[in-house]
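No gaps in the numbering here: position 129 of the sequence shown is 129 in this note's numbering, and each next residue is one more. For glycine and all other residues, C-beta sits at the position ideal for the given N, C-alpha and C. Since we're looking at a predicted model, the values are computed, not measured.
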Amino acid sequence: MRYTFGQAKLALAKYASAYGLMDVGAAVNVALDELARGRNWARLRKTVRLDVGSEYFALPQDCGALVRAAVDQTPVSVRGTEYEFLHAGPGDLDFAEAGWAPLNGIQRIGVFPTMFALTDIMPLAAFTTTAAPSGPLRVRGRNADGDRIAEDVPVNVWTGPDDTVDPDTISKTTNEFADIDSVTLPSDASNYITLSAISSDDDVYVLSRMHPKIVIPEFTRYRLPGFDTATTDKVYRVLAEVALRFIPLVDDDEVVPFDSLLPVQYMMQSVAAMEAGEIKTADDYRQRAEVLLARREESELEKQTLHVVNMLYDGSVGEMTNRFENI
């Protein structure tokens with residue numbers, strides 16, 4: 001059975017008050033975040049399709065790790081940055097030839113404060129479609145000399161498309177940023193905020209679109225090594241299974257990602273025990289929460305059919321072709 005955030009707060013309020021967790025909603029969100037990050041739960045995965053038109057791409061803010069992927073209908077491996085340092089490996093992928101081998105998997109670059117990197121030294125501006133928050137949107141980064149700089153980015157109210165922004169009428173930063181190290185959203189933000197860079201030609205480049213309740217935004221970036229830049233308007237079609245990143249629940253009608261509140265209760269008790277210095281009790285409750293979720297997931301994913309392997313492939317609909325292998 002699924003529950004809304006409002007139902008979860010009502011059901012778990014007695015446990016929050018009993019353990020000194022005063023804000024029930026905050027306690028539920030902390031417990032859900034701890035549960036979600038424990039492992040790549042099947043309920044917190046989804047399949048997405050991306051059209052990638054450049055070497056680098058990023059996943060939306062509610063997506064964490066890329067678990068499996070296929071590029072242009074071909075399954076590929078997903079590697080980390082250590083791949084570039086392997087002996088007899090490819091080396092620095094920034095210098096990989098276009099169409100290398102012809103496209104060697106997907107590489108996870110890391111976690112960054114924005115979806116896309118700055119392509120030049122530019123001032124920044126932020127946009128929202130409702131009333132601008134009163135608090136500051138703080139960005140820290142580096143200028144053209146490599147010096148660390150920080151500035152509050154003005155949040156403009158804009159309801160039109162990004163390409164119709166009039167650079168002469170918007171407020172932007174005094175500093176020009178060459179790189180961004182961190183972004184801190186206003187605590188009173190109530191709607192999505194878009195961070196953009198303004199070029200010297202008055203072009204607007206969207207850097208990220210950020211959830212209002214995640215004060216420190218993070219985005220996972222990936223690369224397609226050997227992207228074919230020689231072909232005009234080249235686009236690779238990426239099919240990816242991603243692990244969802246938990247986004248804090250705000251409205252009472254939002255849905256709790258798990259189908260039981262008992263693991264959430266155990267995790268709340270674990271957090272309370274840890275704050276009280278009862279480490280053994282905290283670990284026991286955490287383990288109980290994760291085991292309960294794992295058992296529910298195992299029963300939910302249990303297969304009901306037999307897997308028949310036809311070794312001869314004679315007349316089988318799974319006959320081997322020149323594109324796919326029978327699994």
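Query, Result
"P75 burial status per 10 Å Cβ neighbour count (16 or more: buried)", "exposed"
"Residue closest to D181, alpha-carbon to alpha-carbon, out of H211, A117, Y192, I193", "A117"
"Contact between the stretch 235-254 and the stretch 262-281 (3+ Cβ pairs under 8 angstroms)", "no"
"Inter-residue spacing [alpha-carbon to alpha-carbon] between P102 and F95", "At P102 the pLDDT is 49, less than 50, meaning the model places this residue with poor confidence and gives no usable figure here."
"Start-to-end residues for the alpha helix (DSSP H) that takes in R221", "Note, R221: premise wrong, no alpha helix (DSSP H); beta strand (DSSP E) at 219-223."
"Proximity winner among L262, E275, R223, relative to A54 (alpha-carbon distances)", "The displayed chain sequence assigns Ser, not Ala, to residue 54. The candidate whose alpha carbon is nearest that of S54 is R223."
"Contacting residues, own chain, Cβ-Cβ under 6 angstroms from A150 (five flanking each side not counted)", "R140"
"DSSP three-state assignment for G53, whether helix, strand or coil", "coil"
"Per-residue DSSP class, three states only, for S196", "strand"
"Test item: CB-CB of T119 and L207 under 7 angstroms", "no"
"Cβ shell of D201 (< 6 angstroms), same chain only, five flanking positions each side left out", "none"
"Beta-carbon proximity of E84 to D92, cut-off 7 angstroms", "yes"
"Extent of the continuous alpha helix (DSSP H) to which I279 belongs", "279-300"
"Rounded separation between T220 and R108 - CA only", "8 angstroms"
"Span of the alpha helix (DSSP H) around M267", "262-275"
"Pick from T174, S187, L50 that is closest to A197, judged by C-alpha positions", "T174"
"Beta-bridge partners of D252, as assigned by DSSP", "The partner list for D252 (beta bridge, DSSP) is empty, contrary to what the question assumes."
"Three-state class that DSSP yields for P102 in the structure shown", "At P102 the pLDDT is 49, less than 50, meaning the model places this residue with poor confidence; the figure from the coordinates comes in the next sentence. DSSP places P102 in coil when its eight states are reduced to three."
"For T232, three-class secondary structure by DSSP", "coil"
"Option in A230, A131, E176, V215 with minimal Cα separation from A328", "There is no way to answer for residue 328, as the model of the chain reaches only from 1 to 327."
"Spatial neighbours of N328 in its chain, beta-carbon cut-off 7 angstroms, leaving aside the 5 residues before and after", "For residue 328 there is no data in the structure shown, the boundaries of the chain being 1 and 327."
"Close-in-space but distant-in-sequence residues of the same chain around A16 (CB under 7 angstroms, 5 per side omitted)", "V24, A27, M268"
"Limits of the alpha helix (DSSP H) - the one that A31 falls within", "24-36"
"Reference G146, options D152, D251, I121, closest by Cα", "I121"
"C-alpha distance - S199 paired with Y205, whole-angstrom precision", "8 angstroms"
"DSSP-derived helix/strand/coil call for K46", "strand"
"Simplified DSSP assignment, three categories, for T81", "helix"
"C-alpha distance - D152 paired with A58, whole-angstrom precision", "25 angstroms"
"Secondary structure of L12, DSSP reduced to three states", "helix"
"Beta-bridge partners of L239, as assigned by DSSP", "R49, A70"
"Buried or exposed by the 16-neighbour rule on C-beta atoms within 10 Å, applied to R286", "buried"
"Host beta strand (DSSP E) of G141 (start-end)", "137-142"
"Residues of its chain near L262, where Cβ-Cβ distance is below 7 angstroms and the 5 sequence neighbours each way are ignored", "L292"
"CB contact flag (A70, L239, <7 angstroms)", "yes"
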